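Below: the structure, in structure tokens.
Residue numbers (our numbering), protein chains in the order written: chain A, 1006 to 1343; chain B, 882 to 1179; chain C, 513 to 828.
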């Protein structure tokens, strides 16, 4: 699902990305046929449940998959092909042109090093600045991410900070070298609800301020709705729907996306209202079916759905749905408020 | 999107009372360590059992005229300095090794597990005291204790067994208490306590069955260590006394004849190594098979 | 930090006291009349009585215990029941061999184990890993004294490069002494190294799985950099614990190895003293060994605080 825009070549272009992993149950195709592009300054959301391949996609972009993983397809960063790049060359890009922040702030930092040292590390590695310069820059960064008394606490250790504060530190670390692309993999899932909003706002501010592109991964539709311009819904290792966030929220095309929306608990619903679920379970990546991955759980499935993986159908400007029955699914869909 | 629609990805839940060996006998034959270990261990055990009914020659017959013979049809591995058949000595020696190992580990297991269970159930200063005492015992390796005992009651099998047995206790205490603590924190145990079940009954009915696999693995490993310790003690002359054959002492005897009959120093050592290697592999294999979640990267 | 160290020192002292108590009980209180044992069965009761008084064994147990403790503080450990010479001097002249032996063995162990452990963890599941791991599996099954005998077989009997036993002493310079301690320390080291290598490997693999390693890689650090800068310090904690525990085994091993190579060290002193029923020497030697183990573990404990900021900072 490539969206090329008239305003210049995309910064990041992914075509037909596939990732094969060795799981305990045998080889599994964790990701297949994922294609998208990202322009400078654009934000893209990746939504899906656990096991749908979103984190694997992110790790593929970063080149951080295990050695036994098989990556196919193409990832181009400003025209440069990343698939098959040597680790030495990839190291020059990570933390420098493309950065990632992870889900668990409590374990993301090395307990043996001060936060100052850890934030300065990418600076010293990629920009070759001196220790003193790095230290100054670190204090400025920590300040910018909202860590109180940055200068005083730069020599403290991770265990002396709360989860929210540690996540701020990892954000500072990721942004230290002014990367072009930031990938945020569920950055707020492990944090208290009250902090989640602050961190998301911080990320959004920083992204806009520095003109970065961002890929935000989440399982939470609410987070996606408020933070990204375009979104992709993943299921069973493929992108089943993608488009501008507003467009997708207004007119969901894929039965899975519709199911996701319906499954959200409603505030203010009458007592005794049953929670809606999508019947069935997510398929094991090692046992993916030949056709549409959602076939076993779909209400409008037909025999031809199971034959071969459906290709993407354009249902609107830049809005694509990987379904053979969009004629039916799009008429029955209702728009859902955020 | 809140409720996860997928089954929680995690290992098998320990069900109270369920045997940890579901599918064990299916998986076991394919596990290399386990098979090799089992084969070697059975070999040694078999040798010991065989010696109860038959040995090529008597291990006690001295025939100085036939001393230090090389391997032949009559004496498959030759004879030692007193003309005794090496193969017979090895077979009977296996008996001493296994017996001492079993008893010593038995002592360590019973005392250690009891103390560990008590420590875990009682907590507080009981636990503290037991753990301190067991840490303290770690400072006295089997050889050291055996030396002290030998100074007091003289050398012999009893000294060996006691010294090795006592040194086994702290390891079992530590392992038992660690695993038991994890079980006490599990929800089904909390439920049992809330229902009014006494600590003793919970220990017997819930805690013990669930730590059984860990204990089995540990016992196998401890057995290997006991064999090594026994060999060292016999070598030093503190353990099994003549004329009872023992692998360790055979090595001591062979050392004086290193220039004349070097092979005499090799056979008993190989026997010890096989026994210990077999038990180690068996223990590793059991660990992987009984609780795959604990399977370390090996 | 100081409170932390203080508490540890107090525990150390308490443990040493407890150790001395047990050793004294086992070796002095239980055996009955040491003088009787020294003289044998067919000696007149008067002669036994005379020896008992001469050795100070007629004094009450508590008094003798306290005398010993006081003596330890000033370096007077009493006199040998058999030779009459000061025990402290006897021990000192043996330590001149045992301590260097232990140090050499420990050094070889650490070097071998850490390199093997790190190498195999870095090359996880590749051929080098499997090969080295099989070697260590065999290594931990070897009795160290048998390995020593095999080394003697190879280097003394077949190759005639090194002597099969005996200690050259330090009087002619360092090298002859080290040469005679070479085979002994290697045989001690190899088995310990096998165990420690496995522990090191697991520890490093565990740490490699931690999230912060992924973070470090995401920052652009190469695999080697990550290993040296981020992983090792974390992995050292469990490794150090095991090293401390292994020290007790090392000392036990020196006793055995000294016997294999006829080295006049602490181990042989203990042995001869048992044979001679010279219980006072045995008692002091055992106490020394126990003290060394306890002190080494104390040092490891304190080292944790220096390595792990979570302990260091929490106790400031």
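Even for Gly, the Cβ is constructed at its ideal location relative to N, Cα and C. Remember, predicted model here, so these are calculated numbers, not experimental data.
Start-to-end residues for the beta strand (DSSP E) that takes in residue i
{"i": "residue 1001 (chain B)", "result": "It is not in any beta strand (DSSP E) - residue 1001 (chain B) instead sits in the alpha helix (DSSP H) that spans 967 to 1003."}
{"i": "residue 1217 (chain A)", "result": "Unbroken run through residue 1217 (chain A): none, as it is neither H nor E."}
{"i": "residue 1049 (chain A)", "result": "1048 to 1052"}
{"i": "residue 1034 (chain A)", "result": "1031 to 1043"}
{"i": "residue 1028 (chain A)", "result": "1017 to 1028"}
{"i": "residue 1325 (chain A)", "result": "1324 to 1326"}
Collapsed DSSP secondary structure at residue i in the structure displayed
{"i": "residue 1077 (chain A)", "result": "strand"}
{"i": "residue 1122 (chain B)", "result": "coil"}
{"i": "residue 959 (chain B)", "result": "coil"}
{"i": "residue 514 (chain C)", "result": "helix"}
{"i": "residue 591 (chain C)", "result": "strand"}
{"i": "residue 1175 (chain A)", "result": "helix"}
{"i": "residue 1283 (chain A)", "result": "coil"}
{"i": "residue 1246 (chain A)", "result": "strand"}
{"i": "residue 1197 (chain A)", "result": "coil"}
{"i": "residue 1314 (chain A)", "result": "coil"}
{"i": "residue 1134 (chain B)", "result": "helix"}
{"i": "residue 1189 (chain A)", "result": "strand"}
{"i": "residue 664 (chain C)", "result": "helix"}
{"i": "residue 1086 (chain A)", "result": "strand"}
Host alpha helix (DSSP H) of residue i (start-end)
{"i": "residue 1261 (chain A)", "result": "1260 to 1267"}
{"i": "residue 755 (chain C)", "result": "744 to 772"}
{"i": "residue 739 (chain C)", "result": "Per DSSP, residue 739 (chain C) belongs to no alpha helix (DSSP H) and is neither H nor E."}
{"i": "residue 1131 (chain A)", "result": "1120 to 1131"}
{"i": "residue 697 (chain C)", "result": "686 to 720"}
{"i": "residue 920 (chain B)", "result": "913 to 934"}
Burial state of residue i (16 or more Cβ within 10 Å)
{"i": "residue 731 (chain C)", "result": "buried"}
{"i": "residue 1281 (chain A)", "result": "exposed"}
{"i": "residue 1199 (chain A)", "result": "exposed"}
{"i": "residue 552 (chain C)", "result": "exposed"}
{"i": "residue 1028 (chain A)", "result": "exposed"}
{"i": "residue 951 (chain B)", "result": "exposed"}
{"i": "residue 774 (chain C)", "result": "exposed"}
{"i": "residue 1148 (chain B)", "result": "buried"}
{"i": "residue 518 (chain C)", "result": "exposed"}
{"i": "residue 650 (chain C)", "result": "exposed"}
{"i": "residue 1018 (chain A)", "result": "buried"}
{"i": "residue 796 (chain C)", "result": "buried"}
{"i": "residue 1047 (chain B)", "result": "buried"}
{"i": "residue 1137 (chain B)", "result": "exposed"}
{"i": "residue 566 (chain C)", "result": "exposed"}
{"i": "residue 687 (chain C)", "result": "exposed"}
{"i": "residue 1116 (chain B)", "result": "buried"}
Same chain, Cβ closer than 6 angstroms to residue i, neighbours up to 5 away in sequence not counted
{"i": "residue 1050 (chain A)", "result": "1221, 1229, 1233, 1236"}
{"i": "residue 1212 (chain A)", "result": "1219"}
{"i": "residue 1058 (chain B)", "result": "997, 1000, 1001"}
Other residues of its chain near residue i: CB distance less than 7 angstroms, five sequence neighbours each side excluded
{"i": "residue 542 (chain C)", "result": "none"}
{"i": "residue 771 (chain C)", "result": "779, 780, 783"}
{"i": "residue 1366 (chain A)", "result": "This structure does not reach residue 1366 (chain A), given that chain A is present from 1006 up to 1343, and the question cannot be answered."}
{"i": "residue 1170 (chain B)", "result": "905, 908, 909, 912, 915"}
{"i": "residue 700 (chain C)", "result": "617, 656, 762, 765, 766, 769"}
{"i": "residue 943 (chain B)", "result": "963, 964, 965"}
{"i": "residue 1319 (chain A)", "result": "1325"}
Same chain only: Cβ atoms within 8 angstroms of residue i, ignoring 5 sequence neighbours per side
{"i": "residue 1070 (chain A)", "result": "1024, 1026, 1061, 1064, 1076"}
Name the residues in the segment 1120 to 1144 of chain B whose C-beta lies less than 7 angstroms from a C-beta of chain C; which are they? 1132, 1136, 1139, 1140, 1143
Return the residues of the segment 717 to 735 of chain C that lie within a Cβ-Cβ distance of less than 9 angstroms from chain A, sorted by chain order. 722, 723, 724, 725, 726, 727, 728, 729, 730, 731, 732, 733, 734, 735
Taking Cβ-Cβ distances below 9 angstroms as the criterion, which residues of the segment 628 to 657 of chain C are in contact with chain B? 633, 636, 637, 645, 649, 650, 652, 653, 654, 655, 656, 657
Taking only beta carbons into account, state which residues of the segment 581 to 607 of chain C come closer than 9 angstroms to chain A, listed in chain order. none
Residues of the segment 784 to 807 of chain C in Cβ contact with chain B at a cutoff of 7 angstroms, in chain order, please. 786, 791, 794, 798, 801, 802, 805, 806
Please identify, using Cβ separations under 8 angstroms, the residues of the segment 1072 to 1101 of chain A that lie next to chain C, in order along the chain. 1092, 1093, 1096, 1097, 1098, 1099, 1100, 1101
Of all the residues that make up the segment 745 to 765 of chain C, which are near chain B by a beta-carbon distance shorter than 7 angstroms? 757, 760, 761, 764
What are the residues of the segment 527 to 545 of chain C that lie near chain B, defined by any Cβ-Cβ distance shorter than 8 angstroms? 527, 530, 531, 535, 538, 539, 542, 543
Using a Cβ-Cβ cut-off of less than 7 angstroms, give me the residues of the segment 1049 to 1063 of chain B that come near chain C, in sequence order. none
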